[in-house]
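In this text, residue positions in the sequence shown follow the working numbering: the first is 211, and each later residue adds one. Data block below; observations after.
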Amino acid sequence: MELTREQNDMLDGKYGKGVAYAMKIQVAVGEAFDAPRMVPITRAHVALSNQEADLWFAEKMLEGGAKCRISPTVNPGFCLSYFTEHHMVPKEYADLMQRTHNAYKALGATLTYNCTPYVATNIPHFKEIVAYSESSATPYVNSVWGARSNREGANSALCAAITGYVPEYGLLLDENRKGNILVEVKADMKDDSYYHYLGMCGKKIGPGIPVFTGLPEEISSAALTNLGAELNTSGAYGMYHILGFTPEAQTMEQAFGGKEPERRVEITFEDLMDGRDELSCEGHRDIEFAMFGCPHFDLNQVRYIADKIGGKKLRAEMWILVSYHVKELADRMGLNEIIEKAGGHVIPDTCPDQPCWGHLKGKYGVTESPKCAYYPKRRGINFIIRDLDTCLEAAMTGRVE
Ligand code: F3S
211 MELTREQNDM LDGKYGKGVA YAMKIQVAVG EAFDAPRMVP ITRAHVALSN
261 QEADLWFAEK MLEGGAKCRI SPTVNPGFCL SYFTEHHMVP KEYADLMQRT
311 HNAYKALGAT LTYNCTPYVA TNIPHFKEIV AYSESSATPY VNSVWGARSN
361 REGANSALCA AITGYVPEYG LLLDENRKGN ILVEVKADMK DDSYYHYLGM
411 CGKKIGPGIP VFTGLPEEIS SAALTNLGAE LNTSGAYGMY HILGFTPEAQ
461 TMEQAFGGKE PERRVEITFE DLMDGRDELS CEGHRDIEFA MFGCPHFDLN
511 QVRYIADKIG GKKLRAEMWI LVSYHVKELA DRMGLNEIIE KAGGHVIPDT
561 CPDQPCWGHL KGKYGVTESP KCAYYPKRRG INFIIRDLDT CLEAAMTGRV
611 E
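Structure follows, in structure tokens:
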């Protein structure tokens, strides 16, 4: 790989041990993918996980004197103030979250604790070169905004934020951004939940860059968020196109770069239901909780729930996970009050895959998101997956069919 003098100086330790370590990792990644050089980035998002391994890496960088050149936004852990005030998290885990906070603060990260930065706080422009980790973030910035990011891991995105560079390969290059699988959706996409189920069809779609056709003309940003999150739950996709909708797929010619699709796949209603059911427990049972916001819900989704449950009484606990700014707006607009009165909670900065949900262990709940069901399963928390309206009905009656 050809490095500039500055990049060589980074590698040689002239900018400190932490920067040298970050550059060494990035050069190794670049060489693995035959990247000819490093290119500058202007944005980054780090999918911190608040788990020991992630924290070990962040603290190692810090001990080496590293500081982010490009301040990255970061993923959720859990809301320390809420869960400690309500005695819902053991001290050991509260300490871990505090250490995560301290490490990323000292590294100079932008402490958003939100997994949908691409719709509010960290939005790249067309062709901007960025380094994003997080399953829904990478496909969103590539596909919807037309920005350029490889599927970074939390660690490689942090390295990029520290050095300010990424190796030039993969989705940063025009020739690797063309679709190769034509995915014809032959099912009615009844609401945004159905984009979760479409994303869960990764096994049928297969590896590559899908080009979706047959979708409605209007697609909400929440639906696109759901699609990206689940494409990386059922498979590994850095990018997709939607014909006539996403910016690099206005025509078939543009979407496929003038070539014939290598594969054609049809997605039927039955495929969507299979996608939904793959990670779902059996229905027809009483439930004790509902959880939404994996990925984090936006303000419209919070408003929708407030409208549906306002003035009623929930029979199951309801947790709605959002960014700090959606929480603030929900407070200001009285939505939070409506939801609290019904018995629900709007919680910022928090992910379902965190140790703050210990009280749900062994219980059954509902969600509209397969990704929400996927991670907590290993913590002994059970989910039945249904569309949002069915989940809301279940939270009100305490039973799902
Ligand atoms: Fe976000 Fe955590 Fe779900 S990072 S997408 S809320 S698993």
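Where is the CB? At the ideal position from N, CA and C, for every residue including glycine.
Using three-state DSSP, classify Lys-400 as helix, strand or coil.
-> Translated into the one-based positions of the sequence shown, residue 400 becomes position 190. The three-state secondary structure of Lys-400, taken from DSSP, is coil.
For Asp-496, which residues does DSSP report across the bridge?
-> Position 286 of the sequence shown holds residue 496. Paired residues: Arg-609.
Using the Cα positions of Thr-310 and Ile-452, report the straight-line distance between them to the nearest angstrom.
-> In the sequence shown, the residue the question calls residue 310 occupies position 100. In the sequence shown, the residue the question calls residue 452 occupies position 242. Approximately 37 Å, taken between the alpha carbons.
Per-residue DSSP class, three states only, for Pro-282 = Counting from one through the sequence shown, the residue named residue 282 turns up at place 72. Under the three-state reduction of DSSP, Pro-282 is assigned to coil, being neither helix nor strand.
The stretch 233–252 contacting the stretch 359–377, beta-carbon criterion three pairs below 8 Å | Three or more beta-carbon pairs drawn from the stretch 233–252 and the stretch 359–377 are found closer than 8 Å, and the two stretches are therefore classed as touching.
Excluding five sequence neighbours on each side, which residues of the same chain lie with their C-beta closer than 7 Å to the C-beta of Asp-563?
-> Here residue 563 refers to the residue found at position 353 when the sequence shown is read from its first residue. Within the same chain, Tyr-585 and Pro-586 come within 7 Å of Asp-563 by CB-CB distance, once the 5 residues on both sides are set aside.
On the premise that Pro-334 lies in contact with Arg-253, defined as a C-beta separation below 8 Å, what is that separation, rounded to the nearest angstrom?
-> Translated into positions along the sequence shown, residue 253 becomes position 43. Translated into positions along the sequence shown, residue 334 becomes position 124. Correct: roughly 5 Å between the Cβ atoms.
Between which two residues does the alpha helix (DSSP H) carrying Gly-228 extend?
-> What you label residue 228 is simply residue 18 of the sequence shown in a count that begins at 1. In the DSSP annotation of this structure, the continuous segment of the alpha helix (DSSP H) that includes Gly-228 starts and ends at 227–242.
Unbroken alpha helix (DSSP H) run spanning Ala-254, endpoints = Numbered from 1 along the sequence shown, position 44 holds the residue referred to as residue 254. For Ala-254, no alpha helix (DSSP H) run applies; the uninterrupted beta strand (DSSP E) run containing it begins and ends at 253–256, by DSSP.
beta-carbon Pro-580 near ligand 1 non-hydrogen atom, thresh 8 Å = Within the sequence shown, numbered from 1, the residue matching residue 580 stands at position 370. Residue side-chain check: Pro-580 keeps its Cβ at 8 Å or more from all non-hydrogen atoms of ligand 1.
Give me the Cβ distance between Asp-599 and Phe-288, rounded to the nearest whole Å; I'm assuming they're in contact under 8 Å.
-> As a working note, residue 599 is residue 389 in the sequence shown. As a working note, residue 288 is residue 78 in the sequence shown. The Cβ separation is near 28 Å, so there is no contact.
Run through the stretch 335–402 for me and flag every whole beta strand (DSSP E) of 3 or more residues, listed as ranges in chain order.
-> Annotation note: the stretch 335–402 contains the following uninterrupted beta strand (DSSP E) runs of length 3 or greater, listed N- to C-terminal: 340–342, 375–377 and 391–396.
Have a look at the DSSP bridge pairing and note the partners of Arg-247.
-> The residue you call residue 247 lines up with position 37 of the sequence shown. Bridge partners of Arg-247: Glu-212.
Where does Pro-420 land, buried or exposed, given buried means 16+ other C-beta within 10 angstroms?
-> Numbered from 1 along the sequence shown, position 210 holds the residue referred to as residue 420. Per the 10 Å Cβ criterion, buried.
Grab the span of the alpha helix (DSSP H) containing Pro-471 for me, first residue to last.
-> Your numbering for residue 471 matches position 261 in the sequence shown. Where Pro-471 is concerned, there is no enclosing alpha helix (DSSP H), because DSSP gives it neither an H nor an E.
Asn-260 CB to nearest heavy atom of ligand 2 below 8 Å | Here the bound small molecules are ligand 1; ligand 2 is not part of this structure.
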